[in-house]
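Take a look at the structure set out below.
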Amino acid sequence: MDRCPVCGVETPVGSAFCPACGVDLDGTTAAFEAIADAGEAPCEEDLSVADVPVLVVRGGMEVGERFYLDRSALTLGRDPSCDVFLNDVTVSRLHARLAVQGSSVTVEDAGSLNGTYVNDAIVARAELHNGDTVQIGRFRMVFLDREVHGGSSRS
Numbered sequence: 011m012d013r014c015p016v017c018g019v020e021t022p023v024g025s026a027f028c029p030a031c032g033v034d035l036d037g038t039t040a041a042f043e044a045i046a047d048a049g050e051a052p053c054e055e056d057l058s059v060a061d062v063p064v065l066v067v068r069g070g071m072e073v074g075e076r077f078y079l080d081r082s083a084l085t086l087g088r089d090p091s092c093d094v095f096l097n098d099v100t101v102s103r104l105h106a107r108l109a110v111q112g113s114s115v116t117v118e119d120a121g122s123l124n125g126t127y128v129n130d131a132i133v134a135r136a137e138l139h140n141g142d143t144v145q146i147g148r149f150r151m152v153f154l155d156r157e158v159h160g161g162s163s164r165s
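Heads up: the sequence shown begins at 11 in the numbering used here, then just goes up one per residue.
Right, here's the structure in full:
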């Protein structure tokens with residue numbers, strides 16, 4: 011059984027609407043349990059050509075995909091209009107935001123159903139450091155700082 015995201019009443023799996031409050035359930039975010047490091051792909055790619063911080067998908071769908079953090083603000087979510095499009099029902103439409111300011115990169119949860127995890131701990135907001143693991147839905151990504159892999163230094 012699933013639960014209605016509005017009123018919390020149990021709903022049959024695949025229901026189009028909540029039997030208690032009537033909210034439309036089509037396209038809602040599916041719940042999941044956070045996963046640990048099991049089954050992650052090794053991150054052995056040469057990232058020396060990047061001059062900006064990078065998120066590399068290591069677990070879940072799209073393993074190996076790179077998301078270059080080349081703007082001061084980026085959105086992450088299931089909505090195709092997000093800067094980082096994560097196409098899975100465990101990801102909220104607007105799941106999180108990334109901010110790149112000077113020498114710091116932060117991730118902030120945008121009120122998602124399943125939460126945003128950094129190094130297996132749920133966070134509302136966290137500063138990222140080289141090698142940190144970010145989990146959004148079933149996507150596990152490693153954060154790589156541009157200073158560490160040969161890009162230009164932050165200013």
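Here a beta-carbon is modelled for each residue, glycine too, at the ideal position from N, C-alpha and C.
Excluding five sequence neighbours on each side, which residues of the same chain lie with their C-beta closer than 8 Å to the C-beta of residue i?
{"i": "R107", "result": "A83, L84, T85, L86, V117, E118, A120"}
{"i": "E75", "result": "V66, V67"}
{"i": "V94", "result": "L65, F77, L84, T85, L86, G87, L108"}
Identify whether residue i lies in helix, strand or coil by the three-state DSSP scheme.
{"i": "E72", "result": "coil"}
{"i": "G112", "result": "coil"}
{"i": "A120", "result": "coil"}
{"i": "G87", "result": "strand"}
{"i": "T21", "result": "strand"}
{"i": "L154", "result": "strand"}
{"i": "T143", "result": "strand"}
{"i": "V62", "result": "coil"}
{"i": "A134", "result": "coil"}
{"i": "V128", "result": "strand"}
{"i": "V101", "result": "coil"}
{"i": "D93", "result": "coil"}
{"i": "E55", "result": "Unreliable placement is indicated for E55, whose pLDDT of 47 sits below 50; the coordinate value is still reported in the next sentence. E55: coil per DSSP, three-state reduction."}
{"i": "R148", "result": "coil"}
If residue i and residue j are in contact, beta carbons under 8 Å, what's the gap, nearest whole angstrom?
{"i": "V101", "j": "R81", "result": "At roughly 20 Å, the Cβ-Cβ gap does not stay under 8 Å, so V101 and R81 are not in contact."}
{"i": "V66", "j": "L154", "result": "6 Å"}
{"i": "D89", "j": "G147", "result": "13 Å between Cβ atoms; not a contact."}
{"i": "I132", "j": "G141", "result": "19 Å between Cβ atoms; not a contact."}
Leaving out five residues on either side along the sequence, give the residues of the same chain with a beta carbon under 6 Å from the beta carbon of residue i.
{"i": "E55", "result": "In this predicted model, E55 has a pLDDT of only 47, less than 50, meaning its place in the structure is not dependable; the value taken from the coordinates is given anyway. So the list is empty, once near-sequence residues are dropped."}
{"i": "V62", "result": "Y78, L79, D80, R156"}
{"i": "A134", "result": "D119"}
Is residue i buried or exposed, if buried means 16 or more other CB atoms sit within 10 Å of its CB?
{"i": "R68", "result": "buried"}
{"i": "S91", "result": "exposed"}
{"i": "F149", "result": "buried"}
{"i": "V64", "result": "buried"}
{"i": "G70", "result": "buried"}
{"i": "S122", "result": "buried"}
{"i": "V23", "result": "exposed"}
Tell me which same chain residues have a C-beta within less than 7 Å of the C-beta of residue i, skipping the five on either side of it?
{"i": "A136", "result": "T116, V117, V128"}
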